[in-house]
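Only one structure is covered here, and it is reproduced in the block below.
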Amino acid sequence: MTTRKVILLLSLFSLLIPVNALAATGAPKEPKPPCRLQITNAHLSTFIFEKQGLRAVKVNASSICNVPQSSVTVTVELWKTGLLGNHLVRRRTFYSAGTTLPNSRVNNFLTFKRCKDRDPTQYFGIAYSKAFIAGRWQYARHTQTKRIIPLNCGT
Amino acid sequence: MDLDNSLNLSPDEQLRVDQTMERFWNLLNSERSRYETQARELIESQTLVTETDNFMLKYSIRGDLYVSRGIPKQKDADSFCIEFPIPDTKQERIESLVELFAQSEAG
Chain A
1 MTTRKVILLL SLFSLLIPVN ALAATGAPKE PKPPCRLQIT NAHLSTFIFE KQGLRAVKVN
61 ASSICNVPQS SVTVTVELWK TGLLGNHLVR RRTFYSAGTT LPNSRVNNFL TFKRCKDRDP
121 TQYFGIAYSK AFIAGRWQYA RHTQTKRIIP LNCGT
Chain B
156 MDLDNSLNLS PDEQLRVDQT MERFWNLLNS ERSRYETQAR ELIESQTLVT ETDNFMLKYS
216 IRGDLYVSRG IPKQKDADSF CIEFPIPDTK QERIESLVEL FAQSEAG
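Residue numbers (this note's numbering), protein chains in the order written: chain A, 1 to 155; chain B, 156 to 262.
What follows is the structure, given as structure tokens:
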């Protein structure tokens with residue numbers, strides 16, 4: 001890179017930084033969403049393992065709102081990584097009938113697959129949901145768990 | 156909606172999950188023979204309907220997925236749907252369906 005190009009790039013950054021800093025501090029904050037979707041990383045089900053010595057890989061998710069929500073649907077997908085792309089292992093959708101009170105959770109805690117052996121495998125989860133809130137449908141984005149977890153669980 | 160990666164189950168929630176998982180494992184062992192018969196029926200006819208005390212269970216093949224829908228017998232009760240890709244071999248298909256039947260009946 002020539003000296004002239006480096007100077008040009010530095011000048012551009014110096015112009016951008018104050019604008020971004022202003023945007024970060026001066027912009028009005030977005031209102032906090034009334035609902036949030038919570039999801040765990042993929043994990044081995046400890047209950048089954050401890051009690052019966054059997055193993056399963058599992059992902060949990062739930063939807064919680066600070067306002068009443070009705071007709072809530074929470075979908076959880078369990079995926080594993082592969083050489084030729086990722087593979088869906090399980091998808092479970094839970095449909096909650098009726099209305100859920102503010103700050104009560106709608107859970108989908110039963111998305112799991114039994115381990116057939118102890119082959120190291122990398123898993124992750126995806127969750128999304130929808131609910132009828134204040135007279136309209138609200139959708140939670142299709143979001144992946146933060147980490148891809150290696151587990152000794154072949155499926 | 157926001158996404159939050161922390162999720163702690165309350166003692167009641169954990170108990171319900173544990174009870175369902177235990178039912179699943181028990182069904183997997185005690186009903187295996189019936190499930191294997193059901194699996195062959197589903198593979199042959201592409202659809203199957205069974206029921207438990209609380210649910211009508213409708214199994215089907217949709218594209219490359221096995222699908223189970225739990226439709227509550229009681230009005231305004233919760234329902235569920237389980238889906239997963241159809242495995243390659245016949246033995247794997249039977250085994251995966253056995254697991255699906257146990258999972259669906261466990262609730």
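In this text, a Cβ means the ideal position worked out from N, Cα and C, and glycines have one as well.
Do residue i and residue j have their C-beta atoms within less than 8 Å of each other?
i, j, result
"V159 (chain A)", "I133 (chain A)", "Nothing can be reported for residue 159 (chain A): it is not among the residues displayed for chain A, which extend from 1 to 155."
"A97 (chain A)", "D173 (chain B)", "no"
"I64 (chain A)", "G125 (chain A)", "no"
"T145 (chain A)", "N60 (chain A)", "no"
"G154 (chain A)", "T121 (chain A)", "yes"
"Y190 (chain B)", "A257 (chain B)", "yes"
"Q138 (chain A)", "A127 (chain A)", "no"
"F239 (chain B)", "L212 (chain B)", "no"
"V253 (chain B)", "R187 (chain B)", "yes"
"L164 (chain B)", "F109 (chain A)", "yes"
"G262 (chain B)", "N209 (chain B)", "yes"
Just the chain A side, please: which residues come within less than 8 Å of residue i by C-beta, in chain order?
i, result
"P242 (chain B)", "Near P242 (chain B) there are no residues of chain A at all, since even the closest Cβ is about 10 Å away, more than 8 Å."
"N175 (chain B)", "For clarity, residue 175 (chain B) is Thr in the given sequence; the question names Asn instead. Result: L110."
"L162 (chain B)", "Q38, I39, T40, N60, A61 and S62"
Listing by chain order, which chain B residues have their CB less than 7 Å from the CB of residue i?
i, result
"A97 (chain A)", "D231, A232 and D233"
"R114 (chain A)", "E254"
"T93 (chain A)", "F235 and C236"
"N107 (chain A)", "E168"
"L54 (chain A)", "W180"
Taking residue i as the reference, give the member of the options with the closest Cα.
i, options, result
"L44 (chain A)", "A:Q38, A:L37, A:G53 and A:L101", "A:G53"
"F141 (chain B)", "A:V74, A:T93, A:V89 and A:N86", "Because chain B in this structure spans residues 156 to 262, residue 141 (chain B) falls outside the shown range and cannot be described."
"S251 (chain B)", "B:S165, B:P227, B:K228 and B:Q193", "B:Q193"
"L101 (chain A)", "A:S70, A:I148, A:W137 and A:N152", "A:S70"
"F47 (chain A)", "B:T207, B:F179 and B:K213", "B:F179"
"Q229 (chain B)", "B:T207, B:S200, B:D167 and B:R189", "B:T207"
"E260 (chain B)", "B:D167, B:N181 and B:L162", "B:N181"
"R118 (chain A)", "A:V74, A:C35, A:R55 and A:P33", "A:R55"
"C35 (chain A)", "A:L83, A:R105, A:T81 and A:L78", "A:R105"
"R147 (chain A)", "A:C115, A:S129, A:K80 and A:F109", "A:K80"
"V74 (chain A)", "B:V222, B:I237 and B:N184", "B:I237"
"S129 (chain A)", "A:K51, A:R136, A:P33 and A:V76", "A:V76"
"R136 (chain A)", "A:N152, A:V72 and A:L83", "A:V72"
"L203 (chain B)", "B:S223, B:T175, B:S185 and B:E168", "B:S223"
"N201 (chain B)", "B:G262, B:Q246 and B:I241", "The question names Asn, yet the displayed sequence has Gln at residue 201 (chain B). Ranking B:G262, B:Q246 and B:I241 by Cα distance to Q201 (chain B) puts B:I241 first."
"T99 (chain A)", "B:K245, B:D233, B:Q246 and B:P166", "B:D233"
"G225 (chain B)", "B:T175, B:D243 and B:T205", "B:T205"
"Y95 (chain A)", "B:M176, B:E177, B:K245 and B:P227", "B:P227"
Roughly how far, in whole angstroms, is the beta-carbon of residue i from the beta-carbon of residue j, given that I think they are within contact range, below 8 Å?
i, j, result
"R248 (chain B)", "I216 (chain B)", "That belief does not hold up - the Cβ atoms of R248 (chain B) and I216 (chain B) are roughly 10 Å apart, past 8 Å."
"T111 (chain A)", "R90 (chain A)", "5 Å"
"S62 (chain A)", "N103 (chain A)", "That pair is no contact at about 12 Å."
"L78 (chain A)", "K116 (chain A)", "Actually they are not in contact, since the Cβ atoms of L78 (chain A) and K116 (chain A) sit about 14 Å apart, beyond 8 Å."
"L151 (chain A)", "Y123 (chain A)", "6 Å"
Does residue i get closer than 8 Å to chain D when you measure Cβ to Cβ?
i, result
"E168 (chain B)", "The chain labelled as chain D is not found among the protein chains of the depicted structure, namely A and B."
Starting from the beta carbon of residue i, find every residue of chain B whose beta carbon is closer than 9 Å, and list them in chain order.
i, result
"S71 (chain A)", "Neighbours of S71 (chain A) on chain B: none; closest Cβ ~11 Å, over 9 Å."
Name, please, each residue of chain B whose Cβ falls closer than 8 Å to the Cβ of residue i.
i, result
"R90 (chain A)", "I237, E238 and F239"
"S45 (chain A)", "M176"
Starting from residue i, find everything on chain A with Cβ-Cβ shorter than 7 Å and list it in chain order.
i, result
"V204 (chain B)", "Result: empty, since nearest Cβ-Cβ is about 19 Å, beyond 7 Å."
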